[in-house]
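Per the working numbering, the very first residue in the sequence shown carries number 3; after that it's consecutive.
Yeah, the Cβ is synthetic: ideal placement off N, Cα and C, and Gly gets one too.
Data block below; observations after.
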Amino acid sequence: MNLLLDINKVSIKNFYYLDTKKNVIIDGNFTKMIYSNENFSMNGSYFEFPIEINHLEKYGNKTTILFNPQSKTNSHIIQNFSKLEAAIIDYYRQNHQSNSKIVHTLAKQLNSGSIKIYKEYNYSNIEHVENEAIDISNITCILKISGIWETVNEIGLTFKLFRV
Numbered sequence: 003m004n005l006l007l008d009i010n011k012v013s014i015k016n017f018y019y020l021d022t023k024k025n026v027i028i029d030g031n032f033t034k035m036i037y038s039n040e041n042f043s044m045n046g047s048y049f050e051f052p053i054e055i056n057h058l059e060k061y062g063n064k065t066t067i068l069f070n071p072q073s074k075t076n077s078h079i080i081q082n083f084s085k086l087e088a089a090i091i092d093y094y095r096q097n098h099q100s101n102s103k104i105v106h107t108l109a110k111q112l113n114s115g116s117i118k119i120y121k122e123y124n125y126s127n128i129e130h131v132e133n134e135a136i137d138i139s140n141i142t143c144i145l146k147i148s149g150i151w152e153t154v155n156e157i158g159l160t161f162k163l164f165r166v
């Protein structure tokens with residue numbers, strides 16, 4: 003079972019890193035992250051992502067949400083996730099003596115005003131209607147942070163957005 007963490011109450015010291023492995027997507031390494039405190043442990047970390055969505059774009063089985071990154075609500079959310087991204091990477095770099103250049107992939111993606119929604123494997127039994135009308139006011143998303151990727155020169159966060 004996974005729990006949603008409160009981005010305002012999460013402690014950076016509760017992030018732990020598993021053994022680093024060869025990254026199969028890019029030429030580099032991937033380090034899986036767990037979040038653990040005195041009450042629970044879980045693979046990765048999950049956060050409610052209450053972004054105000056303007057529009058949904060669907061292309062085949064791919065869905066992208068579009069939002070205004072400058073709106074008051076969204077800019078606050080983006081700022082919180084950007085700070086969390088920087089803190090997680092800094093904490094990793096300190097613990098692993100890494101001097102790689104930080105690539106703020108999450109902050110960059112959020113400031114672009116669009117992000118892809120991934121389909122969670124747990125929902126494969128739900129029938130997908132190709133041209134379904136989706137009420138954007140009823141969309142709830144969860145941001146999962148899985149770990150850290152690192153190449154010879156750069157380091158960043160691995161994340162995905164899911165619709166619940």
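Only counting the same chain, and skipping five residues up and downstream in sequence, which positions put a Cβ closer than 6 Å to that of residue i?
i	result
Ile-14	Ala-89 and Tyr-93
Lys-85	none
Lys-64	none
Taking all protein chains shown into account, decide if residue i is buried (16 or more other Cβ within 10 angstroms of its Cβ) or exposed.
i	result
Ser-114	exposed
Thr-33	buried
Tyr-37	buried
Asn-76	buried
Gly-62	exposed
Which of helix, strand or coil does DSSP assign to residue i?
i	result
Leu-112	helix
Asn-56	strand
Glu-156	strand
Phe-69	strand
Lys-121	coil
Lys-11	coil
Asp-21	strand
Ser-139	helix
Tyr-16	As written in the sequence, residue 16 is Asn, which differs from the Tyr given in the question. Asn-16 falls in the helix class under three-state DSSP.
Glu-50	strand
Ile-147	strand
Enumerate in chain order the residues of its own chain whose CB-to-CB distance from residue i is below 8 Å, with the five nearest sequence positions on each side excluded.
i	result
Ser-100	Tyr-94, Glu-152 and Ile-157
Gly-46	Asn-4, Lys-34, Met-35, Ile-36, Tyr-37, Lys-146, Ile-147, Ser-148 and Gly-149
Asn-10	Asn-82
Does the distance from the C-beta atom of residue i to that of residue j stay below 8 Å?
i	j	result
Ile-147	Phe-164	no
Ile-79	Ile-53	yes
Lys-23	Asn-31	yes
In its own chain, which residues sit with a C-beta less than 7 Å from the C-beta of residue i, not counting the 5 before and 5 after it?
i	result
Glu-50	Leu-6 and Ile-144
Give a yes or no on contact between the segment 29-42 and the segment 58-74, applying the rule of three or more CB pairs nearer than 8 Å. The segment 29-42 vs the segment 58-74: no contact.
Counting Cβ pairs, one atom from each stretch, are 3 or more of them under 8 Å apart for the segment 104-111 and the segment 153-165? Judged by Cβ distances under 8 Å, the segment 104-111 makes contact with the segment 153-165, as three or more pairs qualify.
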